[in-house]
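*Asks:*
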Amino acid sequence: MSYWLMKSEPETFGIDHLDKLPNKITPWDGVRNYQARNYLKSMKKGDQAFFYHSSCKIPGITGIVEVVREAYPEKNQLGTPSWFCVDVKLIQKFSHIITLTDLRKMHDLDDMVILRKGNRLSVTPVDIKEWKVISRLLAQ
DNA sequence: GCCAACGTTGGC
DNA sequence: GCCAACGTTGGC
Numbered sequence: 003m004s005y006w007l008m009k010s011e012p013e014t015f016g017i018d019h020l021d022k023l024p025n026k027i028t029p030w031d032g033v034r035n036y037q038a039r040n041y042l043k044s045m046k047k048g049d050q051a052f053f054y055h056s057s058c059k060i061p062g063i064t065g066i067v068e069v070v071r072e073a074y075p076e077k078n079q080l081g082t083p084s085w086f087c088v089d090v091k092l093i094q095k096f097s098h099i100i101t102l103t104d105l106r107k108m109h110d111l112d113d114m115v116i117l118r119k120g121n122r123l124s125v126t127p128v129d130i131k132e133w134k135v136i137s138r139l140l141a142q
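Its first residue numbered 3, the first sequence is counted upward by one per residue in the working numbering.
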């Protein structure tokens, strides 16, 4: 089982949008970066991911989703499909956001992809140790 | 294949 | 709104 972090802009599609869907499942589409796409394609059913709000007032992790359908081509592509999506289901919506500032304070997370300078990938792998450190924050 | 120009992301 | 960082495009 692998762990991931997936970014979304809350004004476009935030965790509240997902929470309001009847089955709380959404295709994670619109990824237009080859590296991020390759990560999408390597996701397995049951993998979990942090739902991250970006480009907003308080960026940070707002919840946890789980992959319920592995990568399949996005609709409405001509010819050989280039872009793929997975379906994710909301597992947990946090009562409080874990802000980017919070994450930067945790030195166990210094190597986390999302915290590295210049990182812009919308889908990134999360190390199991990093996942646990962040989960521990939640338990507090 | 190189690289300049341009576009996008995303924190601040 | 600014700007650093990165990706993509396209001429050569």
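Heads up, the beta-carbon is just placed ideally off N, CA and C, and yes, glycines get one too.
On a predicted model such as this, the values are computed, not experimentally measured, just so you know.
Around the C-beta of H19, are 16 or more other C-beta atoms found within 10 angstroms, so that it is buried, or is it exposed?
*Replies:* By the 10 Å Cβ count, H19 comes out exposed.
*Asks:* For L23, name the three-state secondary structure that DSSP assigns.
*Replies:* Looking at L23 - three-state DSSP - the assignment turns out to be coil, as it is neither helix nor strand.
*Asks:* Count the other CB atoms, across all protein chains shown, that sit within 10 Å of the CB of M3; report buried if there are 16 or more and exposed otherwise.
*Replies:* Exposed, by the Cβ-count rule.
*Asks:* According to DSSP, is P75 part of a helix, a strand, or is it coil?
*Replies:* Strand.
*Asks:* Write down the C-beta distance between W133 and Y41 rounded to the nearest angstrom, noting that I regard them as a contact closer than 8 Å.
*Replies:* So it is not a contact: roughly 15 Å between Cβ atoms.
*Asks:* Do the CB positions of L7 and I93 come within less than 7 Å of each other?
*Replies:* No; because the gap between Cβ atoms is not below 7 Å, this pair is not in contact.
*Asks:* Below 7 Å CB to CB, which residues in the same chain sit around G65 once its five sequence neighbours on both sides are set aside?
*Replies:* I17, F53, L92, Q94, K95 and F96.
*Asks:* Which word fits I60, buried or exposed, when buried means at least 16 other C-beta atoms lie within 10 angstroms of its C-beta?
*Replies:* Under this definition I60 is an exposed residue.
*Asks:* In this structure, does DSSP put L123 in helix, strand or coil?
*Replies:* Here L123 sits in coil by DSSP.
*Asks:* Ordered along the chain, which non-local residues of its own chain (more than five positions away) have a Cβ less than 8 Å from that of K175?
*Replies:* No answer is possible for residue 175: it lies beyond the span of the chain, which begins at 3 and ends at 142.
*Asks:* With DSSP run on the structure shown, which of helix, strand or coil describes E132?
*Replies:* Of the three classes helix, strand and coil, the one that applies to E132 here is helix, per DSSP.
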